[in-house]
Amino acid sequence: MSLKNFILGLAATFGTAWLAVVIVPFFTMRAMDPIVVVDEVAGTEEVFIPKRTGRVTDGSAVYAANGCYLCHTQVVRPTYAGNDMFRPDWGGIPDDEERGDTRRETNPFDFIGEHFAHVGVLRFGPDLSNVGNRVIHNYARGGDPEMWLYEFLYNPRALPERRKSRCPSHRFLFDQKPLRGQRSRLALNVGDENLEIIPSREARALVSYLLSLRKDQPVPDDLDFAPVARSDDG
Ligand code: HEC
590 MSLKNFILGL AATFGTAWLA VVIVPFFTMR AMDPIVVVDE VAGTEEVFIP
640 KRTGRVTDGS AVYAANGCYL CHTQVVRPTY AGNDMFRPDW GGIPDDEERG
690 DTRRETNPFD FIGEHFAHVG VLRFGPDLSN VGNRVIHNYA RGGDPEMWLY
740 EFLYNPRALP ERRKSRCPSH RFLFDQKPLR GQRSRLALNV GDENLEIIPS
790 REARALVSYL LSLRKDQPVP DDLDFAPVAR SDDG
């Protein structure tokens, strides 16, 4: 091989690679516009982790002790594992006055700070991930959400639309006392005139916990697999 052929060979070998790796990409990509990240599309950057205070933590223990997790889940499943998003209000509120459609699937951050994640064993009753939302927005409309829950726990079959409810009654979480003087603010509107039925410490903690169940805070897009969020992206 002559020196001339050797030099030409070298130039061709390295020249082709240089053309393909440096020159061609340079000319094809230098005119590309940078990707603009618009806040409304990217949503939020951070995950909001609600504070779980003493009473809510106590209520979570009452929830566990009474086996609520045996019949109630707290996971709005990702759509690939079964669609939960079509169920009314399981994943959030579809028509929240301030925030619009807040529905989304559950993600692991939703359980941060919980002593025990009540994912659930069986789904005999409805998912409770957003039960706090449902009670406030739908069931107790205008009324007191706390009282709605006490009355439900005392007798789940009291309301006409829940005559056939299969949620067990939790009367043992209430104390029955002879009425002396004025009725307690939390006394249930049931029973004898001379008696008052008031929620025990456990019932009050449990209801605080149930009302705290609102897993619909906005999450960054990477975590948001809600069909609504996806269709917004166009
Ligand atoms: C034997 C299974 C079972 C157990 C245990 C159980 N539930 Fe239920 N629960 C149900 C069923 C079934 C429903 C649906 C019927 C209805 O809407 O009333 C329900 C409904 C509810 C609802 C109304 C939810 C909604 O959005 O309509 C709440 C709140 C609730 N249960 C709380 C509890 C709590 C708190 C405990 C534990 C102290 C508990 N449940 C234990 C079966 C159960």
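Take 590 as the starting number for the sequence shown in the working numbering and just add one per residue.
Backbone N, C-alpha and C define an ideal beta-carbon position, used for all residues, glycine too.
It should be emphasised that the depicted structure is a prediction, and the values quoted were computed from it without experimental measurement.
* To do: Measure the C-alpha to C-alpha separation of residue 697 and residue 757 and round it to an integer number of angstroms.
  => 29 Å
* How many Å lie between residue 778 and residue 649 at the Cα? -> 26 Å
* Asked: Cβ of residue 771 within 7 Å of Cβ of residue 718?
  -> no
* Host alpha helix (DSSP H) of residue 596 (start-end) -> 592-607
* DSSP state of residue 732, grouped into three classes? -> In the structure shown, residue 732 sits in coil (DSSP, three-state: anything other than H, G, I, E or B).
* Asked: Of the residues 693, 786 and 670, which one's Cα is nearest the Cα of residue 769?
  -> Nearest of 693, 786 and 670 to residue 769, Cα basis: 786.
* Any non-hydrogen atom of the ligand HEC within 6 Å of residue 726 CB -> Short note on residue 726: C-beta not closer than 6 Å to any heavy atom of the ligand HEC.
* Asked: Grouping DSSP H, G and I as helix and E and B as strand, with all else coil, what is residue 643?
  -> helix
* Helix, strand or coil for residue 782, going by three-state DSSP, please let me know. => coil
* If you draw a straight line from the C-alpha of residue 608 to the C-alpha of residue 623, how long is it? -> 24 Å
* For residue 808, does the three-state DSSP call read helix, strand or coil? -> coil
* Asked: So does residue 754 have its beta carbon nearer than 6 Å to some heavy atom of the ligand HEC?
  -> yes
* The alpha helix (DSSP H) with residue 615 in it runs from where to where? -> 613-618
* Apply the 10 Å Cβ neighbour rule to residue 808 and answer buried if 16 or more other Cβ atoms are within range, or exposed otherwise. => buried
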